[in-house]
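Okay, so the sequence shown: first residue is 356 according to my numbering, each after it adds one.
Where a beta carbon is used, it is the ideal one built from N, C-alpha and C, also for glycine.
Before any comments, here is the structure.
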Amino acid sequence: MGPLNIEPFKLFEEAQKFQKKVSSGMQVLRTLDEVDFGCTEKEEVYREDKLVVYRFRGEREPTAKTPTLIVYALVNRPYMVDLQEDKSLVRNLLAQGEDVYLIDWGYPDLADRWLTLDDYINGYIRRSVDAVAKNAGVKKINVLGICQGGAFSLCFTAIHPHKVKNLITMVTPVDFHTPDNMLSNWTRNMDADLFVNTIGNVPADLMNWCYLMLKPMRLLQQKYVGMVDILDNKAELENFLRMEKWIFDSPDQAGEAFRQFMRDFYQGNKLVKGGLKLGKHEVDLKNITVPVLNIFAEQDHLVPPDSSRALKGVIGSKDYTQIAFKGGHIGIYVSSRAQREVPPAIHDWLRARA
């Protein structure tokens, strides 16, 4: 034993294992193809500008009479909900008999610089909801909003309650001023006007690095050190690279919409305090009287649980259910526990209100 309690033989043994692991990993890396994503067949049902609405096709026809439209956030690509066969919220909802649609926002460019939140919510989402309802032959649909898309879905439902039958929110920020909301604390005193006026659309890389710096040790160091353990496992390595591809495949943010989201949501907290206006519409969450299912993650570092829990006290619905999932912001879509628990919970809740 040395003064640092290190046994030379064990240290040598670990170094040999590491060298062998890296050597085997290099052989596996040579056999890898470009990783793909999206495992579920889908068809286009609506297109406008860069937006496309897809309907997913399962192995059997849906039994649900009311379709569900997934509204994802603007800041990441929506294929996270259909990443691969064993990690697909969409695939598991289809297996439960749900009829699932999704908005793909595409990639904004300079032509989208002046798009506002009103354009996204009262424009794109409203017309997408109408397109899904028409395609399904119904008057109302279910809306499933995720993260920022959940905040958009709350605004949409408050303004257009006659178009929504049931509302589901997942890892959705509601109260943006909870003490543990690091993003809110970072941006509270940000000059959003100067920022957007200077750079226009917000670059995706800038947004990504902000998110990564919320947990720099875990997201920028530990996961890549841990990658060595799976270097010689082709399937696990492909899963890792697929997730990495999603993380860094982010769209730029339309400047004007970003400005308003910063000022009215992160800084003004108007979703709960009131005073939020989208175009000619005032947003009052008390107008949401449809059934609401709110799902949040207990270890979420992007959307703290208390931020999501606040929804119960600000909506007008008497039919409110919340589910706390044991996991993180991304784990709620891709972990094994999530695949077993979340889709059945959504299906059972919808079926009880059919």
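Rounded to whole angstroms, residue 557 and residue 486 show a C-alpha spacing of 30 angstroms.
Proximity of the region 544 to 559 to the region 391 to 410 falls short of the contact definition, fewer than three beta-carbon pairs being nearer than 8 angstroms. Residue 397 sits in a strand when the DSSP states are folded into three classes.
Excluding sequence positions up to five before and after residue 440, its CB lies within less than 8 angstroms of the CB of 394 and 446, all in the same chain and listed in chain order.
Nearest to residue 459 by C-alpha distance, out of 682, 451 and 435, is 435.
Per DSSP, the unbroken beta strand (DSSP E) holding residue 679 starts and ends at 675 to 680.
DSSP places residue 622 within a helical segment (H, G or I) once states are collapsed to three. By alpha-carbon distance to residue 648, the top candidate from 680, 593 and 587 is 680. The secondary-structure analysis by DSSP pairs residue 498 across a beta bridge with 424 and 522. The beta-bridge partner set that DSSP reports for residue 403 consists of 406.
Sequence-distant partners of residue 700 (beyond 5 residues in either direction) whose C-beta falls short of 7 angstroms from its own C-beta, in its chain, are 678. In terms of CA proximity to residue 534, 665 leads the group 444, 560 and 665.
In the three-state reduction of the DSSP assignment, residue 685 falls in the coil class, being assigned neither a helical nor a strand state.
Leaving aside the five residues that flank residue 398 on each side, the residues in its chain whose CB is nearer than 6 angstroms to its CB run, in chain order, 410. Contact annotation: the region 619 to 633 touches the region 523 to 533, with at least three C-beta pairs closer than 8 angstroms. Going by C-alpha positions, residue 425 is about 35 angstroms away from residue 583.
Straight-line measurement puts the Cα of residue 685 at about 29 angstroms from the Cα of residue 629.
Of the residues 547, 497, 611 and 498, the one whose Cα lies closest to the Cα of residue 465 is 611.
The Cβ atoms of residue 472 and residue 633 sit closer than 8 angstroms to each other. The alpha-carbon of residue 490 is positioned some 7 angstroms away from that of residue 400. If the five residues before and after residue 657 are omitted, its C-beta is found closer than 6 angstroms to the C-beta atoms of 684, all from its own chain and listed in chain order.
Secondary structure within the region 437 to 470: the alpha helix (DSSP H) runs of 4 or more consecutive residues, fully enclosed, are 444 to 450 (chain order).
Setting aside the 5 residues that flank it on each side, residue 454 is surrounded in the same chain by 417, 419 and 422, each with a C-beta closer than 6 angstroms to its C-beta; the list follows chain order. When DSSP states are grouped into helix, strand and coil, residue 431 belongs to the coil group.
Runs of the beta strand (DSSP E) lying entirely within the region 507 to 583 and spanning at least 3 residues, in chain order: 519 to 525. The residues 438 and 442, in chain order, have a CB closer than 7 angstroms to that of residue 689 in the same chain once the five nearest residues on each side in sequence are set aside. For residue 537, same chain residues with a beta-carbon under 6 angstroms away, outside a window of 5 residues either side, are 569 in chain order. With a beta-carbon spacing of about 5 angstroms, residue 518 and residue 484 fall inside the 8 angstroms limit used to define contacts. Residue state for residue 651 is assigned as strand, using DSSP reduced to three classes.
Rounded to the nearest angstrom, the Cβ distance from residue 488 to residue 496 is 5 angstroms, consistent with a contact under 8 angstroms.
For residue 411, the beta-bridge partners assigned by DSSP are 397. In the DSSP assignment, residue 633 forms a beta bridge with 636.
For residue 597, the enclosing alpha helix (DSSP H) stretches over residues 589 to 603.
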